[in-house]
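Protein chains in written order, with the numbering used here: chain A, 1 to 406; chain B, 1 to 383; chain C, 1 to 335. We put the beta carbon where it would ideally sit given N, CA and C, even for glycine. These notes concern the structure reproduced below.
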Amino acid sequence: MKKIILDSLGQSQHRGFNFRNLLYNNEARAFFFQIATLLIVIGLFYTAIGNLFENIEARGIHTGFSFLKNRAGFDILPFLGNYVVDYTPESPNLSVFYVGLINTLVVAFIGIILSTLIGLLIGIARLSNNYLISKLAGGYIELFRNIPILLQILFWYNLFINVFPHPKQSFSFFDLAFLNQRGLYLPKPIPEEGFLFVGIAFIIGIIAAYFIKKFYKKKHELTGIHTSTWLYTATLIIGLPIIVYLLFGSPLQFDYAILGKFNLKGGMAVVPEFLALTFALSVYTATYIAEAIRSGIEAVDKGQKEAAAAIGLTQIQSLKLIVLPQALRVAIPPTINQYLNLTKNSSLATVIGYPELMSTFGGTVLNQVGQAVEILGMAMLVYLVISLFISLLLNYVNKKMAIQGR
Amino acid sequence: MSVYDQQATRKPPISQIGAILWLRTNLFSSWINTVLTATSLYFLYLMIPPLLDWMFFNASFSFGTINFFGFDIKFSEEMATNSNCGRVGACWPYIYEKLYMYTYGFYPRTETWRPNIVFGLTALLFVIIPLVKNYKYKNRVILSLIVIYPIVSYVLISGGFGLLPVVETHLWGGLLLTLVIASVGIIVSFPIGVVLALGRQSELRVIKLFSTLFIEFVRAVPLITILFMASFVLPLFLEPGNNSVDKLLRALIGIALFQAAYFAEVVRGGLQAIPRGQYEAADAIGLSYFQKNALIVLPQALKISIPNIVGSSISLFKDTTLVLIIGLLDMLAMVGLTTADPYWLGRETEGYVFVTIVMWVMLYSMSRYSRKLELRFNTENTN
Amino acid sequence: MKQLLKLSAASLLVVGALGVQASTLSDVQAKGHLSCGVSKGLAGFSSADSSGTWTGIDVDVCRAVAAATLGDATKVKFVPLTAKERFTALQSGEIDMLSRNTTWTITRDASLGLNFAGVNYYDGQGFMVKSSLGISSALELGGAAVCIQAGTTTELNLADWGKSNGIDYNSVVSDTNAQTLSNYEAGRCDVLTTDASGLYSMRAGSNDPSEHVVLPEIISKEPLGPVVRQGDDAWFNIVRWSLNAMITAEEIGVTSATVDDVSNNPERERLMGRSGSTHEYVGLNSDWTYQIIKQVGNYSESFERNIGLNTPIGIARGVNALWSDGGILYSAPFR
Chain A
1 MKKIILDSLG QSQHRGFNFR NLLYNNEARA FFFQIATLLI VIGLFYTAIG
51 NLFENIEARG IHTGFSFLKN RAGFDILPFL GNYVVDYTPE SPNLSVFYVG
101 LINTLVVAFI GIILSTLIGL LIGIARLSNN YLISKLAGGY IELFRNIPIL
151 LQILFWYNLF INVFPHPKQS FSFFDLAFLN QRGLYLPKPI PEEGFLFVGI
201 AFIIGIIAAY FIKKFYKKKH ELTGIHTSTW LYTATLIIGL PIIVYLLFGS
251 PLQFDYAILG KFNLKGGMAV VPEFLALTFA LSVYTATYIA EAIRSGIEAV
301 DKGQKEAAAA IGLTQIQSLK LIVLPQALRV AIPPTINQYL NLTKNSSLAT
351 VIGYPELMST FGGTVLNQVG QAVEILGMAM LVYLVISLFI SLLLNYVNKK
401 MAIQGR
Chain B
1 MSVYDQQATR KPPISQIGAI LWLRTNLFSS WINTVLTATS LYFLYLMIPP
51 LLDWMFFNAS FSFGTINFFG FDIKFSEEMA TNSNCGRVGA CWPYIYEKLY
101 MYTYGFYPRT ETWRPNIVFG LTALLFVIIP LVKNYKYKNR VILSLIVIYP
151 IVSYVLISGG FGLLPVVETH LWGGLLLTLV IASVGIIVSF PIGVVLALGR
201 QSELRVIKLF STLFIEFVRA VPLITILFMA SFVLPLFLEP GNNSVDKLLR
251 ALIGIALFQA AYFAEVVRGG LQAIPRGQYE AADAIGLSYF QKNALIVLPQ
301 ALKISIPNIV GSSISLFKDT TLVLIIGLLD MLAMVGLTTA DPYWLGRETE
351 GYVFVTIVMW VMLYSMSRYS RKLELRFNTE NTN
Chain C
1 MKQLLKLSAA SLLVVGALGV QASTLSDVQA KGHLSCGVSK GLAGFSSADS
51 SGTWTGIDVD VCRAVAAATL GDATKVKFVP LTAKERFTAL QSGEIDMLSR
101 NTTWTITRDA SLGLNFAGVN YYDGQGFMVK SSLGISSALE LGGAAVCIQA
151 GTTTELNLAD WGKSNGIDYN SVVSDTNAQT LSNYEAGRCD VLTTDASGLY
201 SMRAGSNDPS EHVVLPEIIS KEPLGPVVRQ GDDAWFNIVR WSLNAMITAE
251 EIGVTSATVD DVSNNPERER LMGRSGSTHE YVGLNSDWTY QIIKQVGNYS
301 ESFERNIGLN TPIGIARGVN ALWSDGGILY SAPFR
């Protein structure tokens, strides 16, 4: 018995090659397990792929990616993707993929910003000393967290198209922008010659502001004198481009929306499907972000707040300089995970017909071409890349936020 | 020598007591708070009255007579139909008319007692778990319940084995199907998730690689792509001419694999929280890999992970609504089916509101329940 | 030993192949029920009533085939399918036939390994607008927003029609009928387009049906009918002639009420299998047509019961009237 245990610990003196030794040898066992797993996985794949080809043949399904070049032949709700790709029904199926991808990314991007803002607001409101606000924030979280997101998307969409007015009675903001059931109509910028310089001025402004901020921060650290920099920043980032813009004789025109026979024509329409989807996703995701922020704030030691009060910081200063920086360290990792969830949930837009990846490419194209393996594979790859990107971001932030020992 | 009469204590100013003090400190302590309070009240004013109007004051409740657990309750002389129900407020008779579909789908009416027992058992399970917490053999009780409950439920709902008439899966629908998908998803995926978590922590490179790849891949893609895969692509991977894997089973396979990846990450969190010394001690007393995990590591890791396991399960319950996209008739999909009845056209809003309320009540009580459970199980570790 | 293994493997393969090749009819009769793919809910075509019974004219085709092959119209397993999965379900053998308002096109007939067994409803894509717009022709729709359901041929038809008539529009796509209708009613779009039959049922489900008009233009042909797998001609015949039996019964005036009274009419006797041996040719019992008419009714009965003028959907026969009544419904003769 003792020998067996020794054998199994790999310390046996007798290195003779017998079966029992092999059975109880950790390394041999590990090797065997890994080979077995490998064989099983390969076998599974082999059978599945073999069946796949047989089935595809039997059912007369086409294979390969040549369908990407075929004419799509259907219309897509005009939104950002259409404008960027310049999509028409004559475009190939590959363009549909790009349109869907761009529309998915837009929802994810705006949704992430909006959900962070709402989450931050609700998370802080949850801890407010105003009874009504704190209870409302709690009610908000319990309400929206416990309703399936699919239902919430349907709810907001139907609310928007029923509450906003008909195009003929649009809410108008000084005839520049309009809001109605068909969407939010913004002036469409048409850059002319020379507008490039305005853009360059804007970038220069940002860089200059960054250095000024850095300079005063250093000064603050060295001398303790705090200088407010927001005036410089504003002048550089907003003022500089405006001056250049005027110098070049206003090289930017706007195309405003005007009322046509049925709809507003022209301008840049932000469709209600986008508004509803982004809003629903943000409202839902914000409940999780708010909880993350709240637990972050609660994790900050009470002494920190008291110390901040003791050295005479105002409530807002204490929140901004002492509490939030520490709270965010706890709150950010779960928040970034929620960003990934938000992006994945945007695929539910198919119920309201927002033209994102799964409703255009994974929907109509799949329906017409029928090549589920290729189409779903491409769609999954997109989400895989997005999630990889978000994990990288998370790792970077984690590293950056880690408490630096001095 | 002047006499000092003891003056009666003055009453505190009205602003410093009772309701007014409460209002001042809680609602109007600063001008910002006052503005916030006013805005909130205005929001509530905008939202609540129209909702109440639609749901109650303008709604139709002409159910006729409803038999409620054997008691006849008379709501009105006449039963409402779609046309005399009105369009201003909600038409609740629609819900009553379609309640069976929303609850059981196409399940045969003569066999309704079977899903009813399962509903009852499910509720009982939720009651028993906190009750036995101080019982000596509670782990054994809970474990055996977790094993027995699915078997009994399956036999009851699906029938067969020469005991009960078979009810095929295409007849299951509504709340019943929602519960079946959620519970099968949770129960089947859990062991897979544990194995995957151990695989990811394993020192065997190949196993670690496969587990990690699977977990990361599944967690990166949306559930609906997995459901589409299960629904359209999985049949292509099966032997040609094999139809034994029906639609529900395909969806269940997709959901179980999806959930397994999430459980794996939750359990891995628990595994990582176990101090290194526990592993070393287990090795030192010569336990095998399986003994070590089954007796020492997993019991501790799973206990730590309970809150997250429950949270992940609740998320899955919410996600079951997505099966409507691949054409299964769960509770949400019933809205579309029941409003396609030519005699009840155009009642989607009522349907959606009803499903929302039912889902919310279930999910909210589940999250409250899990929080209570968490507290109860936590108290043992406070020393 | 090796030989033996090879032999048994080969025999297994043969048995497997036979299993696939076996006739759908004997399969159905062995199972004791017919698996029929239907829509997940399209008023009048296939929907479930409050007691969970499937009704509709597509459903009636399934029931007719069940009555013919099994002698019992209730022995149908209805499999609700989405538009995306309907052909896969038929190809894989999950269902025995598909009766799910499916348009007969050359692509589907020739490239999917399927056969269309006939037409049970002649449909066409049309438009519905609010009467308050004061529009009387679809050609006035330039610049309008059009509500449309995703994943169907209607999207392609609309694009073609817009291009050939020089009409630009915005399409607002939704996933379900219900959402398409609520988009249109809320005013998200000016026009709703789908198959004309769908327009009528949507109008019936709207808040005030009198507010909407269906425009006269029909921009496509949509012959809808039952579909079977290619390669089983006997089964194809059964489905085709079950549908034809319903139409013929209407032509010669046999209804479920009068089916017992044949009264020496040679045509009726032939249809009812009292004379001739047509039933042997399709491989069914001699009373197969009797069972269809008795249990399901003739085409007219099915139409009037499910989508006719006395139902909330209220569709007139129109082109779906018999050829002798000015429509195009026509059955090859039972002879």
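If you drop the 5 nearest sequence neighbours on each side, which residues of the same chain put their C-beta closer than 7 Å to that of residue i?
| i | result |
| --- | --- |
| B:Ser62 | Phe75, Ser76, Glu78, Met79, Ala80 and Pro93 |
| B:Leu238 | Val245 |
| A:Asn70 | Pro92 and Asn93 |
| A:Ile390 | Ile336, Tyr339 and Leu340 |
| A:Phe74 | Pro89 and Thr364 |
| B:Phe126 | Tyr369 |
| A:Asn158 | none |
Considering only C-alpha positions, which residue in the set the options is nearest to residue i?
| i | options | result |
| --- | --- | --- |
| A:Phe279 | A:Ser115, A:Leu394 and A:Val85 | A:Ser115 |
| B:Leu373 | B:Pro130, B:Val3 and B:Asn84 | B:Pro130 |
| A:Leu127 | A:Lys399, A:Phe254, A:Ser387 and A:Glu298 | A:Glu298 |
| C:Thr248 | C:Asp96, C:Gln125 and C:Ser300 | C:Ser300 |
| A:Ala209 | A:Ala234, A:Gly100 and A:Phe174 | A:Ala234 |
| C:Asp160 | C:Gly283, C:Ser220, C:Ser182 and C:Pro209 | C:Ser220 |
| A:Gly353 | C:Pro216, C:Cys147 and C:Ile167 | C:Cys147 |
In angstroms with no decimal places, state the Cα-to-Cα distance between residue i and residue j.
| i | j | result |
| --- | --- | --- |
| B:Arg371 | A:Tyr396 | 33 Å |
| B:Ser211 | B:Val218 | 11 Å |
| A:Phe361 | A:Ala379 | 8 Å |
| B:Ser389 | A:Val382 | Nothing about residue 389 of chain B can be reported from this structure: the residues present for chain B run from 1 to 383 only. |
| A:Thr287 | A:Leu342 | 12 Å |
| A:Ala177 | B:Ile207 | 58 Å |
| B:Lys303 | A:Gln34 | 29 Å |
| B:Val35 | A:Val163 | 26 Å |
| C:Val227 | C:Asp72 | 21 Å |
| A:Ile243 | C:Val173 | 45 Å |
| C:Leu271 | B:Gly346 | 41 Å |
| B:Gln272 | B:Gly193 | 15 Å |
| A:Ile332 | A:Val300 | 14 Å |
| A:His62 | C:Phe87 | 14 Å |
| A:Gly249 | A:Glu291 | 50 Å |
| B:Arg250 | B:Ile215 | 20 Å |
| C:Ala89 | C:His279 | 29 Å |
| C:Arg317 | C:Thr180 | 25 Å |
| C:Asp232 | B:Ser158 | 33 Å |
Apart from the five residues on each side of it in sequence, which residues of its chain come closer than 6 Å, Cβ to Cβ, to residue i?
| i | result |
| --- | --- |
| B:Ile73 | Ile66 |
| C:Asp190 | Ala144 and Ala145 |
| A:Leu240 | Ala201 and Gly205 |
| A:Pro167 | Asn180, Arg182, Asn263 and Leu264 |
Starting from residue i, find everything on chain B with Cβ-Cβ shorter than 9 Å and list it in chain order.
| i | result |
| --- | --- |
| A:Val41 | Val206 and Phe210 |
Taking residue i as the query, report the chain C residues whose CB atoms sit under 8 Å from its CB, ordered along the chain.
| i | result |
| --- | --- |
| A:Pro272 | Arg188 |
| A:Ser359 | Ala150, Val173 and Asp175 |
Starting from the C-beta of residue i, find all residues in its chain whose C-beta is less than 8 Å away, skip the five residues before and the five after it, and write them out in chain order.
| i | result |
| --- | --- |
| B:Ser315 | Tyr262 |
| A:Arg59 | none |
Helix, strand or coil for residue i? Go by DSSP, reduced to three states.
| i | result |
| --- | --- |
| B:Trp172 | strand |
| A:Lys213 | helix |
| B:Thr9 | coil |
| A:Ala48 | helix |
How would you list, in chain order, the residues of chain A whose beta-carbon sits under 8 Å from the beta-carbon of residue i?
| i | result |
| --- | --- |
| B:Thr225 | Ser347, Met358, Gly362, Leu376, Ala379, Met380 and Tyr383 |
| C:Gly205 | Within 8 Å Cβ-Cβ: nothing; C:Gly205 doesn't reach chain A, min ~15 Å. |
So residue i contacts chain B; which residues on that side make the cut at Cβ distance below 7 Å?
| i | result |
| --- | --- |
| A:Lys399 | Under the 7 Å cutoff, chain B gives no residues; its nearest Cβ is about 19 Å from A:Lys399. |
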